[in-house]
Amino acid sequence: MGQTEDFEAERPRLVAIAGRVLGDRAEAEDVVQQAWLRLHGTDAEIESLPAWLTTVTTRLCLDRLRSRTPVPVEEVEELGPGDTVPDPADDVALADTVGLALHVVLDRLSPRERVAFVLHDSFGFEFPTIAAVLDTTPAAARKLASRARAKVAQPAPEDRLADWEVVDAFMAAARNGDFDRLLRLLAPDAVVSADDAAIAAGTPRQIEGRDEVATFFNGSAQAALPVFVADRPATAWFHLGEARVVFDFTVGDGLVRAITFRAAPDVLAQVVRRDGGRPRG
Numbered sequence: 035m036g037q038t039e040d041f042e043a044e045r046p047r048l049v050a051i052a053g054r055v056l057g058d059r060a061e062a063e064d065v066v067q068q069a070w071l072r073l074h075g076t077d078a079e080i081e082s083l084p085a086w087l088t089t090v091t092t093r094l095c096l097d098r099l100r101s102r103t104p105v106p107v108e109e110v111e112e113l114g115p116g117d118t119v120p121d122p123a124d125d126v127a128l129a130d131t132v133g134l135a136l137h138v139v140l141d142r143l144s145p146r147e148r149v150a151f152v153l154h155d156s157f158g159f160e161f162p163t164i165a166a167v168l169d170t171t172p173a174a175a176r177k178l179a180s181r182a183r184a185k186v187a188q189p190a191p192e193d194r195l196a197d198w199e200v201v202d203a204f205m206a207a208a209r210n211g212d213f214d215r216l217l218r219l220l221a222p223d224a225v226v227s228a229d230d231a232a233i234a235a236g237t238p239r240q241i242e243g244r245d246e247v248a249t250f251f252n253g254s255a256q257a258a259l260p261v262f263v264a265d266r267p268a269t270a271w272f273h274l275g276e277a278r279v280v281f282d283f284t285v286g287d288g289l290v291r292a293i294t295f296r297a298a299p300d301v302l303a304q305v306v307r308r309d310g311g312r313p314r315g
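Per the numbering used here, residue 35 is the first one in the sequence shown, and the count goes up by one each step.
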């Protein structure tokens, strides 16, 4: 294959890496296109095209992350001979199991922590490779990933998703048919129930367990809109401009623990459309 064909074969992988690092698909595609322009303009001898493209793409991502940070900070000192750091490989990879809260926490990481964490935990890169990308030592790269993992595993209170963000993330996953994300957003003992009016309108009476709830919502609720019921974030199915059934969420510790379908008139009377965490004007 020629250079163009070789690059196109690598593009999906590069976009996946850049997308996870940056948290923005459009920006990731832009970065990968910049990597192509650099490849097209280089006269250097490239021993491994995948490795070269990974390094260039990741460094471009690092530049983007640094441009978001007003005051550059050197995130990690070189390890001294007496320092020890837990091996991230000894822990269960967190990057694909912490749900949408990960994106909030990633924004709190330093650029180098974020790159080290994503490359190692999401894509399995070894620390010598990560060190080469970050122009540091493998030990320092390991320390960056370890620090990032600690922040992801125990996010600060300000990094946790608000209840309305959990509700909206759950409904987005339902509409998009993202079964794995639904599972990550549900508590193991999640339950769905309904009041008599909602049952009469056709909702199920009871669904128990994370898998069963995720299966029911997977690919559904296309017409549900974000609302408040009293002061609780919820969603509702509307017909002819009026709320007909409310999906009333119980959220705890960033997970959906219960959803109650409500259609009683006194409940529907409390429904207010919202924009994110605020009532719509």
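We put the beta carbon where it would ideally sit given N, CA and C, even for glycine. Just so it is clear, the structure is predicted and the values come from calculations on it, not from any experiment.
The closest CA to that of F250, considering only A268, E44, V225, P260, is found on V225. For Q37, the enclosing alpha helix (DSSP H) covers residues 37 to 56.
In the three-state DSSP reduction, P84 falls in the helix class (H, G or I).
When DSSP states are grouped into helix, strand and coil, A224 belongs to the strand group. Contact check for A69 against V55 fails: the beta carbons are separated by 8 Å or more. In the DSSP assignment, the residues bridged to V261 are A268, R307. Residue nearest to V280 within the set A78, A179, F262 is F262 (criterion: CA-CA distance).
Residue environment for L94: buried (at least 16 other C-beta atoms within 10 angstroms of its C-beta). Beta-bridge partners of L289 (DSSP): G286.
Residue pairing by DSSP places Q240 opposite S227 in a beta bridge. Per DSSP, V152 lies in no alpha helix (DSSP H) and is assigned neither H nor E.
With distances taken between CA atoms, D265 lies nearest to R307 out of E81, R307, F295, A60. Looking at the DSSP output, F157 shares a beta bridge with no other residue. Annotation: G36 to E61 spans about 26 Å, alpha carbon to alpha carbon. Residue pairing by DSSP leaves T170 without any beta bridge partner. Sequence-distant Cβ neighbours of L220 in its own chain, meaning closer than 7 Å and more than five residues away, are R244, V247, A248, L289, V290. For the pair A232 and A297, the CB atoms are nearer than the 8 Å cut-off. Looking at the DSSP output, R312 shares a beta bridge with D309. Selection D223, F213, Q240 evaluated against S254 yields F213 as nearest (Cα-Cα). With contacts defined as CB atoms closer than 8 Å, A182 and L143 qualify as a contacting pair. Judged by beta-carbon spacing, F157 lies beyond the 8 Å limit of A179, meaning their Cβ atoms are not closer than that value. V201 and V285 do touch by the CB rule: their CB atoms are close to 7 Å apart, below 8 Å. At a Cβ-Cβ threshold of 8 Å, T237 and F295 count as neighbours.
In the three-state reduction of the DSSP assignment, E79 falls in the coil class, being assigned neither a helical nor a strand state.
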